[in-house]
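In this note's numbering, the protein residues as written are 15 to 326. Reviewing the structure listed below.
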Ligand code: A3D
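Printed below as a string of structure tokens:
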């Protein structure tokens, strides 16, 4: 006899609402959609709307909208999207002060109400927010991750599939490093149906895909104008939650606490990790050539600069 899983979503905005919908559609568990009192109507409305959709489509999981942290207690997984998104012209780092204030509140409440949860942070600047989350909540390092790599990798895969006119399902790729403009799409490691991508596309095309991937977030901000991407980020975070809840042991790129990998110690940074019932069960470190190492170091220096400016 297994009980239904519980998924706590902190932040009921654009990504939060989509997380709730996808979690229910995948029957992952009952969802608690939490936001601040000013957004009480928003989360209660989204919960009611999704519960009514469940009747049409026959889903068994329920969504509860709340502004009370007590309702989040006992969550198996928590996904944090509480925070302000970018507007055109802003960098993710511009969000640091305002989102850090929110993270202090959220992390302290997770520590009090749901210290046993596997927590996935989505709020930006990603690598600094997940660092603050783990320090403040004092949750074990293997129970805290940041979502960025799955999204960045899926953007990269999308552009590759478009360029080749092939199914995106056959593109295997990996984007390493921080969630910023100097993230590291590993072109040399990318395959399409088992064939190296470097044999299929000319260098100028590959360079253009890398550039578009790195600026993928800004491209969406430029189109939406009032905020940032939300469908693909929601799906990406759900794939991580699902791997934990179902003990899938998928290898997914995510920001995990590094302790010596690639010479990095004490920072969250994007690497391939195995996510299963034990949380982050393994960290993988693919071998890099000199130019890839240099690119990763550049990305790390950007992350380090932001993280070192975080005052907890
Ligand atoms: P938005 O639609 O504004 O939703 C954010 C929600 O957080 C709002 O409903 C707020 O009321 C709520 N909130 C604010 N303070 C608190 C608090 N203390 N406790 C609980 N909830 C609170 O934004 P969004 O959903 O579009 O984006 C959310 C975050 O995700 C932003 O920081 C984005 O920059 C970030 N984001 C990250 C990625 C990554 O790949 C890492 C991609 C896209 C967006």
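Ideal placement from N, C-alpha and C gives every residue a C-beta, glycine not left out. This structure is a prediction, so every number in the text was calculated from the model and none was measured.
Three-state secondary structure (DSSP) of residue 80: Within the chain shown, the letter at position 66 stands for residue 80. Residue 80: strand per DSSP, three-state reduction.
Residue span of the alpha helix (DSSP H) that contains residue 281, given as start and end: The residue you call residue 281 lines up with position 267 of the chain shown. No alpha helix (DSSP H) contains residue 281, which is instead part of the beta strand (DSSP E) from 279-290.
Residue 295 versus 267, 249, 26, residue with shortest Cα-Cα distance: For the purposes of this step, residue 295 is taken as the residue at position 281 of the chain shown. The shortest Cα separation from residue 295 among 267, 249, 26 belongs to 267.
Neighbourhood of residue 20 by C-beta distance below 6 Å, restricted to the same chain and skipping five residues each side: For the purposes of this step, residue 20 is taken as the residue at position 6 of the chain shown. Excluding residues within five positions, the ones whose Cβ falls inside 6 Å are 43, 44, 88, 89, 90.
Beta-carbon separation (whole angstroms), residue 286 vs residue 188, contact threshold 8 Å: Residue numbering aside, residue 286 sits at position 272 when the chain shown is read from its first letter. Residue numbering aside, residue 188 sits at position 174 when the chain shown is read from its first letter. Confirmed, about 6 Å.
Proximal residues to residue 280 (C-beta, below 8 Å), its chain only, five neighbours per side dropped: The count along the chain shown starts at 1 and reaches residue 280 at position 266. 271, 272, 273, listed in sequence order.
Stretch-stretch touch, CB-based, cutoff 8 Å, three pairs: the segment 94-113 with the segment 134-147: yes
Euclidean distance between Cα positions of residue 173 and residue 50: Sequence index remark: in the chain shown, residue 173 carries index 159 (1-based). Sequence index remark: in the chain shown, residue 50 carries index 36 (1-based). So the two alpha carbons sit approximately 37 Å from each other.
Reduced DSSP secondary structure (H/G/I, E/B, other) of residue 123: As a working mapping, residue 123 is identified with position 109 in the chain shown. Looking at residue 123 - three-state DSSP - the assignment turns out to be helix.
Straight-line gap, residue 106 to residue 134 (C-alpha atoms, nearest Å): Indexing the chain shown from 1 puts residue 106 at position 92. Indexing the chain shown from 1 puts residue 134 at position 120. Rounded to the nearest angstrom, the two C-alpha atoms are 18 Å apart.
Which listed residue (166, 219, 196) has its alpha carbon closest to that of residue 234: Position 220 of the chain shown holds residue 234. Residue 166 is the option with its Cα nearest to residue 234.
Cβ-heavy atom distance, residue 193 to ligand 1, below 7 Å: Taking the chain shown and counting its residues from 1, the one referred to as residue 193 is at position 179. Yes, the Cβ of residue 193 comes within 7 Å of a heavy atom of ligand 1.
From 258, 231, 256, 257, residue whose alpha carbon lies closest to that of residue 245: Locating residue 245 in the chain shown gives position 231, counting from the first residue. Ranking the options by Cα distance to residue 245, first place goes to 231.
Member of 150, 171, 144 whose CA lies at the smallest distance from the CA of residue 158: As a position in the chain shown, residue 158 is number 144, starting the count at 1. When only C-alpha atoms are compared, the closest one is 144.
Beta-carbon proximity list for residue 309, same chain, < 6 Å, skipping 5 on both sides: Here residue 309 refers to the residue found at position 295 when the chain shown is read from its first residue. So the list reads 198, once near-sequence residues are dropped.
Residues near residue 291 by beta carbon distance below 6 Å, same chain, minus five either side: The residue you call residue 291 lines up with position 277 of the chain shown. Here the set comprises 261.
Beta-carbon proximity of residue 60 to residue 26, cut-off 8 Å: The residue you call residue 60 lines up with position 46 of the chain shown. The residue you call residue 26 lines up with position 12 of the chain shown. Yes, Cβ-Cβ distance for residue 60 and residue 26 is below 8 Å.
Residues near residue 236 in its chain [Cβ-Cβ closer than 7 Å; skip 5 each side]: Working through the chain shown from its first residue, we reach residue 236 at position 222. Answer for residue 236: 102, listed in chain order.
The segment 312-326 touching the segment 105-122, judged by at least three CB pairs closer than 8 Å: yes
Contact check, residue 184 vs residue 164, beta carbons under 8 Å: Sequence index remark: in the chain shown, residue 184 carries index 170 (1-based). Sequence index remark: in the chain shown, residue 164 carries index 150 (1-based). Their beta carbons are not under 8 Å apart, which means residue 184 does not touch residue 164 by this criterion.
Assigned secondary structure, residue 267 (DSSP; H/G/I helix, E/B strand, else coil): Along the chain shown, one-based indexing puts residue 267 at 253. The answer is strand: DSSP assigns residue 267 an E or B state.
Cβ-based burial, residue 247 [other Cβ within 10 Å; buried from 16]: In the chain shown, the residue the question calls residue 247 occupies position 233. The residue in question, residue 247, is buried, as its Cβ has 16 or more Cβ neighbours within 10 Å.
Three-state secondary structure assigned by DSSP to residue 42: As a position in the chain shown, residue 42 is number 28, starting the count at 1. Residue 42 falls in the coil class under three-state DSSP.
For residue 219, the first and last residue of its enclosing alpha helix (DSSP H): By one-based count along the chain shown, residue 219 stands at place 205. Here the alpha helix (DSSP H) through residue 219 covers 217-228.
Completely contained beta strand (DSSP E) runs for the segment 148-176, where each covers 3 or more residues: 158-160
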